[in-house]
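Protein chains in written order, with this note's numbering: chain A, 7 to 518; chain B, 7 to 518.
Beneath this line is the structure, given in structure tokens, with notes to follow.
2 protein chains.
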Amino acid sequence: MKNSLNRELPDQIMSDLNYRPFESTEIGHPEIQRTAPVVRVTTGNDKVTDDLEAVVKNNVHDGMTISFHHHFREGDFVFNRVMGIIMDLGIKDLTLAPSSLTNVMNDTVVKAINSGTVTHITSSGMRGSLGDAVSHGALKAPVIFRSHGGRARAIENGDIKIDVAFLGVPNADRLGNANGMYGDAVFGSLGYALMDAQYANKVVLLTDNLVSYPNTPASIKQTQVDYVVEVDKVGDPDKIGSGATRFTKDPKELKIAEMVNSVITNSQYFQDGFSFQTGSGGAALAVTRYLKESMVENHIKASFTLGGITSPMIDLLKEGLVDKVMDVQDFDKGAASSMADNKNQQEIDASWYADPDNKGAMVDQLDVVILSALEVDTNFNVNVMTGSDGVIRGAVGGHQDAATAKLTIICSPLVRGRNATVVKDVATVVTPGDSVDVVVTERGIAVNPKRQDLIDRFNQVPGMKLVSIADLQAEAEKIVGEPKPLEYTDRTVALVEYRDGTIIDQIKEVKD
Amino acid sequence: MKNSLNRELPDQIMSDLNYRPFESTEIGHPEIQRTAPVVRVTTGNDKVTDDLEAVVKNNVHDGMTISFHHHFREGDFVFNRVMGIIMDLGIKDLTLAPSSLTNVMNDTVVKAINSGTVTHITSSGMRGSLGDAVSHGALKAPVIFRSHGGRARAIENGDIKIDVAFLGVPNADRLGNANGMYGDAVFGSLGYALMDAQYANKVVLLTDNLVSYPNTPASIKQTQVDYVVEVDKVGDPDKIGSGATRFTKDPKELKIAEMVNSVITNSQYFQDGFSFQTGSGGAALAVTRYLKESMVENHIKASFTLGGITSPMIDLLKEGLVDKVMDVQDFDKGAASSMADNKNQQEIDASWYADPDNKGAMVDQLDVVILSALEVDTNFNVNVMTGSDGVIRGAVGGHQDAATAKLTIICSPLVRGRNATVVKDVATVVTPGDSVDVVVTERGIAVNPKRQDLIDRFNQVPGMKLVSIADLQAEAEKIVGEPKPLEYTDRTVALVEYRDGTIIDQIKEVKD
């Protein structure tokens, strides 16, 4: 079977897993029966323990679904420790359903797959040794990749039913009231983990910082928590943030950032009260700086910024250029640590951020978003999941979700090393071209033909030259040559959900 | 059938409504499947309207369950307006499930009962013309009275399934992000209404103060809200608080307050980090003042105070005598307006406050609570529901919930007018004697015999004289005479749930 993007999907697996093929970016108005956890009643007076082994043994059983958050990013000390215990206990056939998997977790997951401990995975993404193993068929069942909003949707409607969530926090009181704002290993927003806390049957907090009762603000509440496990260290604060908050000096990145800023400021959306989301990384951070100058110059302020938050965003808040920072995750130490002191840096959960099956997520309100790409094709479809060798090395993240913005800008260098970024067909569609408006490379700006309004507008801007996406592709091919077609086996190693839960693409096992 | 307190319960009704008789104050460790709403998906861009009639017409249908909150107390402009429209539309057979019913709503409910619009009611309480009508058999189905924690429990497990919640708020943005802290009609904590917002299928906000998007803090979130209805005025701020925050000069109240303070400060619970809850009203407010003096004198600070919050509590917070004010509801303007500025005045929902079917509610952590009574009997059972004439004129409120404290003190004058407060048998048991530790009247302090530890302790306090509850009862009877037995028909007009959902008593139709 094929979906509306003409992507071939595996009939048997689609039928076995009861999946529908992707049709449209329109969500419509379905009525959704939400799900809810089973709660074991307690007065809450016996939650604290240092015996993590006993907690795992008494609560995790063969065939269950367990979850983790990735707010500690590469500084996470929780995942490997818990998974180590689980493997030592010989527990089998688990479904691993974390908000995402960071590199520090890779080897452990590979080991857990090989031992039969983990037989199913759903995640935002994976990289390194794990992506490699999965792409080479290590896991029998296909991995399900979901966006952050898609995961929230799946948890809320019961597609993901978490039996036990293990959530590391930089502080908690003896009943489990906790937040991400105080302590040694501060990561700021608990946005993704709030879904697990609300919906998992059993919630196990791990903390190195037991504070006095009652702990407030309580992003996670005592009513949701079964155990508070004391550990030595939950995370390495120096590895929580990417640290990349300095202004890039790469001339190509600067040029792209300037062009993106020109797209934004010349669009109809650049007006007082507009909203935007940028990611991390050099070009995105540089955009924030150019955009700031344009905002000051034009006396324009933003109503909110959204998403993974970086220090430059917090600077905009402090300088009064942005009213609210709506924060589902913090990408660096500065953003993480500022949440405690800024009441306008509002923690939001992944549902509020991006669940499409909602009474209105924040992403639905976005004017402008700047997103990256591993590949974008001449239909504006974007791949942020697989590399030029077809191997999994990325994450859906909030890509599909934020692409619902009124002006979705994909920015990327035209080529990376010997690989084209703009291609005829992306290896894996993660975000459908229908939700992409503009592609910016250092060689030119391509506007999606369906946005004739933007084309007309930009054509009147002196010095702003539009190119077609086909021209960009041809130019890239001229530089790096025609790519050799990737070779796969017949086996499906992963399915990529669109945010609404339909399948937008499959990923196949790579041939060695 | 009789329950463990020997209260006669109506077999047929108990069976029809699938109720179990009250057995014990112990909740145990049942596993509870929580429920969840049906959500109609939207991008949230068409929520604002001033056409309340259309919203009601399109969403409220015969046989549904609708809800309201009572945070505006006697200043509520929402309930009567919505109910008026519902009656005008001729909608019938509704179940009314507000957090409670205040006097300003009485006549409307009576009208709605008489017209067949409302055929079922569950509430914390009722008074005035409504209590009178129900006690005289106006409603065919028995009213179900629930504590605030019991209502949270019933909403969370699906015993109360709210189709449409109408929630008045002093501010909201166009997508429904709202709180109780800013605007003209500020009431502070939205504690009870947060249950409705989370669990109702449809949530209709009414506000007189549409603020810019995104509105934070969002006690109610856009993900929960279907409509934002603009109205002229949601409430009269002058009637939201009782205003009774002045120190009483009634010598009897002062004496009781001093005795209560003596009970607290001579108990083992009066130590650094203790916690307490008091209600509103003269004696309770006076207790807070005496307690404050004792705390200062003994260098003792409290970790938290809980419950309906009054200005004197906020003063303790500001003076550093209390670390946290855990706030499910504000009883006066001062407490309501201070929430915006005090990050240690933490808004909590009714589940966190008191749901017994939880992983630990705040009430489970209470050291000391001071509660009032209409009647208390020689088994320490308390009635806060029916008057000396057997007519409904009270509310369960948080009485049963907070009585789980380690030291539960009931304070009351020995007699009120020509009626005894301490009696042989209360007309209606709301809170079981098993959870009551001490009864304080101006004529003496009676300790529940099961608290021999307190008796031993207090007997060693110079000047502290204990009496038996039987002595208090006898003394009251000496003053006002033996009460004439109340006369009822055979009809049950209300059932009182214990907080765990069992039936602790019934209320019968009064004979005229």
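Using N, Cα and C, we set each Cβ at its ideal position, and we do this for glycine too.
Between the alpha carbons of residue i and residue j, how many angstroms are there, rounded?
i: D336(B); j: H305(A); result: 41 angstroms
i: G249(B); j: K339(B); result: No answer about G249(B) holds up, because its pLDDT of 48 lies below 50 and its placement is not dependable.
i: E448(B); j: K258(B); result: 6 angstroms
i: T125(A); j: P489(A); result: 34 angstroms
i: L535(B); j: Q39(A); result: Since the first residue shown for chain B is 7 and the last is 518, residue 535(B) is missing from the structure and cannot be characterised.
i: D395(B); j: H76(B); result: 26 angstroms
i: A356(B); j: A341(B); result: 18 angstroms
i: H35(B); j: R79(A); result: 36 angstroms
i: K514(A); j: Q406(A); result: 21 angstroms
i: K307(B); j: E299(B); result: 11 angstroms
i: A42(A); j: R180(A); result: 25 angstroms
i: G450(B); j: W358(B); result: 35 angstroms
i: R13(B); j: D383(B); result: 13 angstroms
i: V486(B); j: A158(B); result: 40 angstroms
i: F151(B); j: T48(A); result: 24 angstroms
i: R26(A); j: E162(A); result: 19 angstroms
i: L15(A); j: S21(A); result: 10 angstroms
Near residue i, what residues of its chain come up, given a Cβ to Cβ distance below 8 angstroms and the 5 sequence neighbours on each side ignored?
i: I92(A); result: V62, V66, I72, L100, A118, T123
Among the options, which has the Cα closest to the Cα of residue i?
i: E503(A); options: P362(A), Q277(A), L196(A); result: P362(A)
i: C417(B); options: R424(B), V428(B), I246(B); result: V428(B)
i: G366(B); options: G131(A), A160(A), N183(A), S121(A); result: N183(A)
i: G322(B); options: A346(B), V334(B), Y296(B); result: Checking the sequence, you will find Leu at residue 322(B) rather than Gly. Considering only alpha carbons, the answer is Y296(B).
i: A433(B); options: P468(B), E381(B), D477(B); result: E381(B)
i: G155(B); options: G507(B), G247(B), D68(B); result: G507(B)
i: A379(B); options: S21(B), G400(B), G241(B); result: G400(B)
i: D431(A); options: P16(A), T495(A), T392(A), V210(A); result: T392(A)
i: Q479(B); options: Q466(B), R457(B), T498(B), V446(B); result: V446(B)
i: A360(B); options: A476(B), V234(B), N51(B), A160(B); result: A160(B)
Write down the C-beta distance between residue i and residue j rounded to the nearest angstrom, noting that I regard them as a contact closer than 8 angstroms.
i: V266(A); j: I415(A); result: 6 angstroms
i: S129(B); j: V149(B); result: 7 angstroms
i: P438(B); j: L11(B); result: 6 angstroms
i: D402(A); j: V390(A); result: At residue 402(A) the sequence reads Val, which differs from the Asp that was named. The pair is a contact, with the Cβ atoms about 7 angstroms apart (cut-off 8 angstroms).
i: Q371(B); j: S281(B); result: 6 angstroms
i: K245(B); j: G81(B); result: 3 angstroms
i: A206(A); j: A178(A); result: Contact flag wrong, Cβ pair sits at about 16 angstroms.
With DSSP run on the structure shown, which of helix, strand or coil describes residue i?
i: T410(B); result: coil
i: Y494(B); result: strand
i: G249(A); result: Model confidence at G249(A) stands at a pLDDT of 48, short of 50, so the residue's coordinates are unreliable; what they give is reported in the following sentence. Residue state, collapsed to three classes: coil.
i: Y359(A); result: helix
i: D138(B); result: helix
i: T125(B); result: strand
i: V188(B); result: Inspection of the sequence shows that residue 188(B) is occupied by Tyr rather than by Val. It is coil, neither helix nor strand.
i: L102(A); result: strand
i: D244(B); result: helix
i: M345(B); result: coil
i: G396(A); result: coil
i: Y219(A); result: coil
i: P257(A); result: helix
i: Y296(A); result: helix
i: L501(A); result: strand
In chain order, what residues of the same chain lie with their CB nearer than 6 angstroms to the CB of residue i, ignoring the 5 residues before and after it?
i: T294(A); result: T284, P318
i: F85(B); result: F74, M111
i: L460(B); result: V453
i: K239(A); result: F83, D214
i: V2(A); result: It is not possible to answer for residue 2(A), since the shown part of chain A is limited to 7 through 518.
Please work out which residues of its chain come closer than 7 angstroms, Cβ to Cβ, to residue i, disregarding the five sequence neighbours upstream and downstream, and give them in chain order.
i: V397(B); result: G137, D138, S141, V516
i: L23(B); result: none
i: A346(B); result: M187, Y188
i: Y275(A); result: D373, V374, K412, L413
i: M132(A); result: L107, V140, I398
Taking 7 angstroms as the cut-off, is the CB of residue i close to at least one heavy atom of the ligand NAD?
i: G34(B); result: What this structure holds is no ligand at all, so the ligand NAD is not there to describe.
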